[in-house]
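Have a look at the structure below, then the notes.
There are 2 protein chains.
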Amino acid sequence: MRNLKITLQYDGSNYVGWQRQASGTSIQGLLEEAFAPIAGTRVTVHGAGRTDAGVHALAQVASVAFAGTHDSAVLVRALNTVLPRDVRVLSIEDVPPDFHARFSAVGKIYEYRIVNAPVMSPFLVRYAWHVTYPVDVAAMKTAATHLAGAHDFAAFQGARAHVRSGLRTIHSIDWQNGHGRAAPLVCQIHGDGFLRHMVRNIVGTLVEIGVGRWRSDKIVEILASRDRSRAGPTAPAHGLFLVQVEYPPESTLLVGHP
Amino acid sequence: MRNLKITLQYDGSNYVGWQRQASGTSIQGLLEEAFAPIAGTRVTVHGAGRTDAGVHALAQVASVAFAGTHDSAVLVRALNTVLPRDVRVLSIEDVPPDFHARFSAVGKIYEYRIVNAPVMSPFLVRYAWHVTYPVDVAAMKTAATHLAGAHDFAAFQGARAHVRSGLRTIHSIDWQNGHGRAAPLVCQIHGDGFLRHMVRNIVGTLVEIGVGRWRSDKIVEILASRDRSRAGPTAPAHGLFLVQVEYPPESTLLVGHP
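Chains as they are written, first to last, in the numbering used here: chain A, 140 to 397; chain B, 140 to 397.
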């Protein structure tokens, strides 16, 4: 049995998110349905991260056990022929048997986009949060620096999430003005892992600081409280992009490899 | 009666084009319907260029006679409240009575975007032409240089178009690799005016050269022929953006102004 690493890109606007749900179309479901006739059997595809409804991915990673002998380039084309145009397989690679898209991941990069202007671009309606009140980017940058490092991020965890530990490490977090005409403001955040809604809750909190509701150092207090009710609102899903999933060098995945 | 210059942006995907049609929703129709309750009467809005179905605009310009006393910023907000999210009024200015969005225009800039890669970006499906066969950008650049200047562009005119003269001046035309991840290939073309389908027919012809069907200098022969059947196919509408409409300095518009 081969183990395949699939890198895919999607516009999340029309889907219920990565994960299969009782109703609605999920990316995982689409991918599994596209694989089934090729594999000649039902397959289960494991994703690196469960992007929510409306969240986009520039490079989501999934893994799947596959018995076929198809060349990976042929597989990419076959899947893209079946998948809707807003979901694209970018590449497929054979990986060692112990590679798992979710459990092997050691880091992720997300970007959150905001259009901070009176009039929203018609081209970014589904790809950025429209914040009309002018934000103080310097204050949001300062506040963001307090989040870098290893912390218990329970204050930024989705209310219904249940995980044993809120301890995560943010390697870097910063705001940048985008390039080009539309020029959204982009928050890039790189960490070893993220709690449910963590990026959106962080962005929602930083925007409260940006619009002047709170001072920059309020974030220190919120973080220390580990209390979700102290943080800002959850920023809307459609501004969020999963940009990259990181894995250790391939050799280290091979358990028992000389 | 005031004369207003309206600058607007739209995603043309869901519309039959700028101009009102017997059936389907047009940008002109949407704008006129949005104005009517504010003006208290039906109004006619004149656009600088009749973008086709699926063509986008970053800065289309329209003019309208308006009797109201509303502040222009208030008008912008009122119109955007009524218009769908894929059509946005960017600004409104009072202009001299003889300003006409179409007849006063002295130049236009269009951009045509191509994604030249095996897999199409899900985010550019509606905003770029997917050309899978690798194109020779240098050959397309060379061919494009032959189009700059004053020529009779009848060979690149839409088959059903009927205008007295095909004489137009292209001030500049060039291809550039886009910035950022998706990085579409962009053809920017700046001229004093364009025949129907002219930009799309030029791009369709340049792509024939890019994929190696024709040599670069074939374009000289096509241009000289003034025969539409000699040029390449019409590139799809959804890759085209009206980027800018140029007008003379305001004072020269004021007929009889001291």
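We put the beta carbon where it would ideally sit given N, CA and C, even for glycine.
In this structure A/L345 does not touch A/A289 by the C-beta definition: roughly 19 Å separates them, more than the 8 Å allowed. DSSP places A/N153 within a helical segment (H, G or I) once states are collapsed to three. Linking A/Y266 to A/I253 through their CA atoms gives a straight-line distance of about 9 Å. For A/G330, the enclosing beta strand (DSSP E) has its first and last residue at L324 to G330.
Taking 8 Å as the CB threshold, A/S211 stays off the interface with chain B. Shown in chain order are the members of the region 215-233 of chain A whose Cβ falls below 7 Å from a Cβ of chain B: N219, R224, D225, V226, R227 and L229. Around the beta carbon of A/P261, 16 or more other beta carbons lie within 10 angstroms, which makes this residue buried.
A/N255 is a Cβ neighbour of A/V270, given a cutoff of 8 Å.
Against chain A, a Cβ distance below 7 Å from B/D150 picks out P261 and F262. Taken through DSSP and simplified to helix, strand or coil, A/Q383 comes out as strand. Secondary structure note for B/Q167: its alpha helix (DSSP H) is the uninterrupted segment I166 to A178.
Taken in chain order, the unbroken stretches of beta strand (DSSP E) that lie wholly in the region 229-259 of chain A and span 3 residues or more are 246-254. Between B/Q148 and B/L324, the alpha-carbon positions lie close to 21 Å from each other. Contact between the region 372-381 of chain B and the region 336-345 of chain B is present: 3 or more CB-CB pairs across the two stretches fall below 8 Å.
Comparing alpha carbon positions, the residue from B/G156, B/I348, B/P223 and B/P388 closest to B/R335 is B/G156. In the same chain as A/I309, and ignoring 5 residues on each side of it, the C-beta atoms closer than 6 Å to its own belong to L286, A287 and G330, in chain order. B/R365 and B/D275 have their C-alpha atoms spaced approximately 25 Å apart. Taking a C-beta distance under 8 Å as the contact criterion, A/M259 and B/R216 do not qualify as a contact pair. The three-state reading of DSSP puts B/L218 in helix, counting H, G and I together. Here DSSP, grouped into helix, strand and coil, assigns B/V342 to helix. C-alpha of A/P176 to C-alpha of A/L222: approximately 13 Å in a straight line.
Short of 6 Å from the beta carbon of A/T164, and not among the five residues preceding or following it, lie these beta carbons of its own chain, in chain order: Y154. In this structure, A/F295 keeps its C-beta atom at 8 Å or more from the C-beta atom of A/K144.
For A/V258, the chain B residues whose C-beta falls within less than 7 Å of its own C-beta are N219, R227 and L229, listed in chain order.
DSSP places A/F295 within a helical segment (H, G or I) once states are collapsed to three.
In the DSSP annotation of this structure, the continuous segment of the beta strand (DSSP E) that includes A/V203 starts and ends at H195 to F205.
Pairing B/L379 with B/Y251 gives a Cβ-Cβ distance under 8 Å. Put simply, the backbone Cα of B/K247 is about 23 Å away from that of B/L169. Excluding five sequence positions before and after B/G207, the CB atoms of its chain that fall closer than 7 Å to its own CB belong to I177 and A178, given in chain order. For A/L306, the enclosing beta strand (DSSP E) stretches over residues L306 to N316. Apart from the 5 residues on each side of it in sequence, A/V384 sits with its Cβ closer than 6 Å to the Cβ of A187, V200, A244 and K247 in its chain, given in chain order. Under the three-state reduction of DSSP output, A/G371 falls in the coil class, being neither helix nor strand. Its chain contains N142 as the residues whose beta carbon lies nearer than 6 Å to that of B/P236, once the 5 sequence neighbours on both sides are disregarded; these appear in chain order.
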